[in-house]
Structures are given as structure tokens and as C-alpha cells.
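A short write-up of the structure that comes next.
Numbering (our numbering), first residue to last: 7 to 464.
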């Protein structure tokens, strides 16, 4: 006949095994699905994205433009931008929470000391020391710690994405300041010419060689140009304030806008599989799936039995030293706890965790689709703006030649001054349009680098 104690232990072990099997339900491998989806997109789009002409090899956003002034602005933004600093502090708090999570798997030690005295009796002192530890039989605590680590890694990737976006915004704002200063310069040249035209028309009108309508039209053009110039100057001031916002400072910026645009280099060499995998938002979304899956495992393991051990050492004496350093009484307790009924809360928690994993997968798909869309859009703009720049450049060259011919014809009396003014207006309009296209082209290259996963240099 079997010993009753042995039989009881066997029943307990069998119960644990059956419970573990029943709680380990089959789940969808969302992390694997995410990897497959990324690989499929990368294979389909890689050849299309490499059709672009190569300019120079870059590894970071900060490699796009080599300018000491810009490097200084980027360094200031990364150091003082309040939104970025807030995200960094959140990361530090998450790191401490992981350390707290790790403490759950370690033994817990508590010490106590008390003293009491009642009338007619000696003082009594009691000291105790208790040690407790939960055996991580099902790796529940380990997986909870792994989930917290994955969440921290996801947050770190989002922090990197914030850094990258901030650097891109600083670069584009810096380019925008140059563009808006160019717009002001072009308008000032236009206004100078319009003033000269107005004086010439006024002189002709006084000599009886012109009509009042031409003079009024000239004055209208001058006033309109002055109004545009005021607007352009305010637009420049607004952009400078935007840059101050990125830098996290209200101090006036002491720098001079570039007279010419810098070269923005970008190459697609060396970007076979990293064109999207380098993106920190995709990394963050994938890590969020893994964290959610680990949390689902923890939720299922909450249904399993838990085994805890505790030991207590205590002593009571008439003096503190005797209570602390005497011969304590010890006790040892081993406990197995199996959740039986909690109103379906544990099952509901597991189902919710599964749904959160599915949600994390859909978030990943959304992030991936957004990433592909951003790359496609910026590549499309790269092609269009390159063609537009060439066409407008050709048009401006022809316009300058045409203006030179009109000036000769006007001096010989073959055309009216209104024809000359129209040619001048066309030239300045094309010059402003070309400058705007150059700015948009350079700014789009920054967006393209960001879309491909080029980040801020560490």
C-alpha cells in the first residue's frame, strides 16, 4: 500500500502538470507575422527605391549637410529641447521600474523590533527576521521582467525617433530661414526696379509721353511689392522663432542666413535591407508586440499554482541585546497556492492580454504602411522636384535672355515700357519660383532620409 504522504505529493504534482497544460493555450505568433510582413515589403520595394541616382553615401541625418553652424544648432536642440528631455526622463523612470520588477524574483527580507512594558512586570523586547521567496516555477516572474525590458527597449526606440525628428526639423527650419531670406532679397530687387520704373513713367507722364493709367498701374505694383516684402520679413521672423522653439530657448539667435543653399547629399547605396529596418518607429512597434506577447504569457501563468517559501526567526527577551543576539526560535513554511475561482478575472485578463497583442500587431502594420507611404511620397517628390528645378532653370535662363532683348528694343523705341515691365516681372517670378523649388527639393531630401531611417548621430 502506498504511503498517504507520497500519494498526496503525487496528486499535487499531477494537478500542477494538468493545470500548466490547460493554461498554455495556443496563440498567434504576431512577432513572426510582423517580421514576414516587413521582409515582404522590403523585397518588393527595395529594387524600386534603388532606381534613384546616387549622390553620396550617408549614414546619419547629420551627414546630409556639412555646416559647422548647423551642427551647433543641432547640438543645442538635442541638449535643451524640453519635449526631448521629458522623454529622456520617462526612459530613466522606466529603467527604475525594471529594477523594481527584477526585485520580485529575489528573496524578500524584513526585520522588526519592538518593546513593551506593563505595570508590575519587566520590560519585554521582541526581535524578528523574516525571509520570503516565491519560486519562479513557471518562469512567470522572468517573463514579466522580460516584458518590462522589451517595453523599455520600445520606449528607447521611440526616444530615438523623437531625436531623429527633432534633428530633421532643425535642418529644415535652417533651410527655410535661408529660403525666406532669399525671398526677401528677390523681392527687394523687384521693389528697387519697380521704384525706378515708377520714376521713369512719372517723368514720361510729365513730358506728355505716357498716360495716367500706366502711372497708376506702376504705383499699384510698387505698393503691392512693399506689402509682399513686409509679409516675407514677418515669415522670416516666424521661422526664426520656430527654430528657437526647437532649440528650447527664447534667446535671440545670432547667426546669418546662408547666401546660397548647401548641398544635401543622399545615396541609396548600402541600404538593401536597412531602408526600413533602420526606422526606430518600426523597431518600437515590433518590440511592443514582443512585450505584449510576454505579458500574455504572464497572464496565463497567473492561473497556475504558485509556490512560496518563508522562514522566520524571532526571540523575546528582557533586554534589547538579548532579543537581538540571543537564541531565536525559527520556523519554516512552504506554501502552494492554486487559484480556483475569482469570478473569471484571470481568464478575462488573459483574453485582454491576447487582444492587446493583436492590437500591437495592427499598430505595427499601421506603422509599416505609414513608413512605406512616406518613402514612396518623398521618392515621388524627389523625381518631380528634380525635373521642375531643371525646367524652371531653363525657363529662367530664357527669360533673362528675353529681358536683355527687350531692354535693347526699348532703348531703340521698338516696344512700350509696359512690355519691358512684363518681361522684368516674368524674370523675377521665375527666379522666386526656382528658389522655392530648390528649397523644397533640399527639404524633401531631409524627409526622404528620415523616411529611410537615417537618424541623428549618437
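Here a beta-carbon is modelled for each residue, glycine too, at the ideal position from N, C-alpha and C. Nothing here was measured: the structure is a model prediction, and the numbers come from that model.
C-alpha of residue 304 to C-alpha of residue 453: approximately 40 Å in a straight line. Distance from the Cα of residue 133 is smallest, within the candidate group 92, 362, 321, 310, for 321.
Here the region 413-431 makes no contact with the region 173-183; the two share fewer than three CB pairs at distances below 8 Å. 72 is the residue among 228, 460, 72 whose C-alpha sits nearest the C-alpha of residue 264. Residue pairing from DSSP places residue 116 in a beta bridge opposite 136.
Taking 8 Å as the cut-off, the beta carbon of residue 97 is found no closer than this to the beta carbon of residue 290.
The C-alpha of residue 357 lies about 60 Å from the C-alpha of residue 262. In the DSSP assignment, residue 340 falls outside any alpha helix (DSSP H) and lies within the beta strand (DSSP E) extending over 335-343. Residue 389 counts as exposed, since fewer than 16 other C-beta atoms from the protein chains shown sit within 10 angstroms of its C-beta. Of the candidates 434, 76, 359, 121, the residue whose Cα lies closest to the Cα of residue 190 is 434. For residue 426, the closest alpha carbon among the candidates 412, 417, 439 is that of 412. Residue 144 counts as buried, since no fewer than 16 other beta carbons sit within 10 angstroms of its beta carbon. Residue 166 is a Cβ neighbour of residue 461, given a cutoff of 8 Å. Across the structure, residue 118 and residue 131 are spaced so that their CA atoms are roughly 11 Å apart.
DSSP, read as helix, strand or coil, puts residue 266 in coil. If you draw a straight line from the Cα of residue 450 to the Cα of residue 222, it is about 42 Å long. Ranked by Cα distance from residue 374, the first of 43, 202, 69, 154 is 43.
Going by beta carbons, residue 101 and residue 169 fall outside the 8 Å limit. If you ignore the 5 residues before and after residue 137, its C-beta comes within less than 6 Å of the C-beta of 113, 115, 317, all in its own chain and listed in chain order.
Residues 140, 341 of the same chain have their beta carbon placed closer than 6 Å to that of residue 314, with the five preceding and five following residues left out of the count. Residue 462 carries a coil assignment under DSSP once its states are collapsed to helix, strand and coil. A distance of 8 Å or more separates the beta carbons of residue 436 and residue 271.
Rounded to the nearest whole angstrom, the CA to CA distance from residue 459 to residue 439 is 30 Å.
The beta carbon of residue 386 sits closer than 8 Å to no other beta carbon from its chain once the five residues preceding and following it are set aside. Spatial neighbours of residue 255 in its own chain (CB-CB distance under 8 Å, excluding positions within 5 residues in sequence) are listed in chain order as 82, 86. The alpha-carbon of residue 442 is positioned some 15 Å away from that of residue 401. Going by DSSP, residue 102 is part of the alpha helix (DSSP H) stretching over 88-109.
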